[in-house]
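**Student:**
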Amino acid sequence: MSQASQQRITDLKVTGHLMTLQTGLFCISHAAGQQPPTSAGLPGVRISLPPVSAPGNVQIVTFEQDGWMGGRNNAALVRVRRGPAQVMITIYQELNTRHDAPRLQVIQLSAESDPLPVPVPAAVPVAPVAEAPKETAPAEAPLVQKPEIGAHIQRRGDVTGILGEWMGVPGSQAWIEGFGIAPAHLIQSDDIEYQAVLGKGWLSPWVEGGQYCGSRGMALPILGLCVRLKGAAAKKFICRVTASFTDGTKIGPVDNGEPVEADSLAPLEAFLVEILPRDAESKPKRGGRKRKQNAAEDLAALLEEEIEEDVEEEVVVKPVRRAAKSQPRRASSAAQKGAKPKATGRGGARGRKPSRR
1 MSQASQQRIT DLKVTGHLMT LQTGLFCISH AAGQQPPTSA GLPGVRISLP
51 PVSAPGNVQI VTFEQDGWMG GRNNAALVRV RRGPAQVMIT IYQELNTRHD
101 APRLQVIQLS AESDPLPVPV PAAVPVAPVA EAPKETAPAE APLVQKPEIG
151 AHIQRRGDVT GILGEWMGVP GSQAWIEGFG IAPAHLIQSD DIEYQAVLGK
201 GWLSPWVEGG QYCGSRGMAL PILGLCVRLK GAAAKKFICR VTASFTDGTK
251 IGPVDNGEPV EADSLAPLEA FLVEILPRDA ESKPKRGGRK RKQNAAEDLA
301 ALLEEEIEED VEEEVVVKPV RRAAKSQPRR ASSAAQKGAK PKATGRGGAR
351 GRKPSRR
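First residue of the sequence shown? That's 1 in the UniProt record's numbering, and the numbers climb one at a time after it.
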């Protein structure tokens, strides 16, 4: 019994650290160029609050709900409202492993203790049901289209919309902190996945459709996005992305599934996602070739008509000219033949006069 229980327990090498941070917003991420984890998912890092901490003073946001960061290509956001304060970094490794412990880097993104307040619209008083006129009932009949896309935008909060329309306002200078996509037609949520651009060459993990990607209320903008289709949907449809950034840069439409980001790494302020059938992409091209072919045929037919008209004019005119010139020549030749005996009899002077005429 004891031997079986020992086989079910695997010892790990665990080390803990307390990291002290000042007031502000920090990004804790893996350093680049680290080894991939083993089949057991180790080594890995978890960021959490220490056993003793002031309630609400430190806020930790990770892509995983439990604070797990894994061994590479991941990050966490930490906001300290009143520093100095500590967070606990726990590293998990297999015994006798050749993997090095994950290396972390810390970047201070802001020295402010709190993000900019998001204005909340004042509550609109609702009239009692008894006083509502009966004529207003039909106005509530139209159904509102189900939101397909949502984002958390600076100074606006959570905003929803549908695919094929802009999320955010180009030129508004209000950055986007995170977004999510849940298609309601053409494709399903599990047919799409997306990433957020967090830095130069730094992308968030792939997120399935219907899930949120990025942060919310942390005053941390994303610098772009990457959206792609998968499975059978990728063979039938294309996904086009157009984006606008706070520095005025506009990119797109892009349909190759590559990250859409500005060279200046300016925050993302608005984006447009379109799902289109692949055959619709090729129809305009075929129509363009048909129009060019028809235009060429019309031009060739017009040239042939002009050539035929020129030929008809030449055929009609030439017989008239020949008749006008040939008749005198034939008459003169006949006269010469008839005049030769007279010329020999009377002299050569009169025989030369017809030729002068």
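Think of the CB as a built atom: it goes at the ideal place given N, C-alpha and C, for glycine as much as any other residue.
Owing to the predicted nature of the structure, the values given are computational and were not obtained by experimental measurement.
Shortest alpha-carbon distance to Glu193 belongs to which of Leu203, His185, Gly210, Gly199?
**Tutor:** Gly210
**Student:** So, is Ser39 buried or exposed, given that buried needs 16 or more other C-beta atoms within 10 angstroms?
**Tutor:** Around the Cβ of Ser39, a 10 Å sphere holds fewer than 16 other Cβ atoms; the residue is exposed.
**Student:** Helix, strand or coil for Ala75 per DSSP?
**Tutor:** strand
**Student:** Are there 16 or more other CB atoms within 10 angstroms of the CB of Leu221, so buried, or fewer, so exposed?
**Tutor:** For the record, residue 221 in the displayed sequence is Pro; it is not Leu. When all chains shown are included, Pro221 counts as buried.
**Student:** Is Ala234 helix, strand or coil when you go by DSSP?
**Tutor:** helix
**Student:** For Val14, report the span of its beta strand (DSSP E) as first-last.
**Tutor:** Residues 12 to 21.
**Student:** In chain order, what residues of the same chain have a beta carbon less than 7 Å from the beta carbon of Ala182, not counting five sequence neighbours either side?
**Tutor:** Glu148, Ser189, Gly209, Gly210
**Student:** Taking the Cβ atom as the reference point for each residue, do Met88 and Leu42 lie within a distance shorter than 8 Å?
**Tutor:** no
**Student:** For Ile187, report the span of its beta strand (DSSP E) as first-last.
**Tutor:** Element bounds for Ile187: n/a, residue is neither H nor E.
**Student:** For a cutoff of 8 Å on Cβ pairs, would you count Gln173 as touching chain C?
**Tutor:** No chain C appears in this structure, which consists of one protein chain only.
**Student:** Around the Cβ of Trp175, are there at least 16 other Cβ atoms within 10 angstroms (buried) or fewer (exposed)?
**Tutor:** Classification for Trp175: buried.
**Student:** Pick helix, strand or coil for Val315, following the three-state DSSP scheme.
**Tutor:** In this predicted model, Val315 has a pLDDT of only 48, less than 50, meaning its place in the structure is not dependable enough to derive any value.
**Student:** Starting from Gly252, trace the beta strand (DSSP E) both ways and give me its first and last residue.
**Tutor:** Counting along the chain, the beta strand (DSSP E) containing Gly252 begins and ends at 250 to 254.
**Student:** Sort out for me which residues DSSP pairs Ser110 with in a bridge.
**Tutor:** Leu25
**Student:** Assess, as a yes-or-no matter, whether the segment 223 to 231 is touched by the segment 267 to 282 under the definition of 3 or more beta carbon pairs within less than 8 Å.
**Tutor:** In this structure the segment 267 to 282 lies against the segment 223 to 231, because at least three pairs of beta carbons, one per stretch, are closer than 8 Å.
**Student:** Cα-Cα, which of Lys13, Gly201, Leu223 is closest to Ala101?
**Tutor:** Lys13
**Student:** What is the DSSP secondary structure of Arg156, reduced to helix, strand or coil?
**Tutor:** coil
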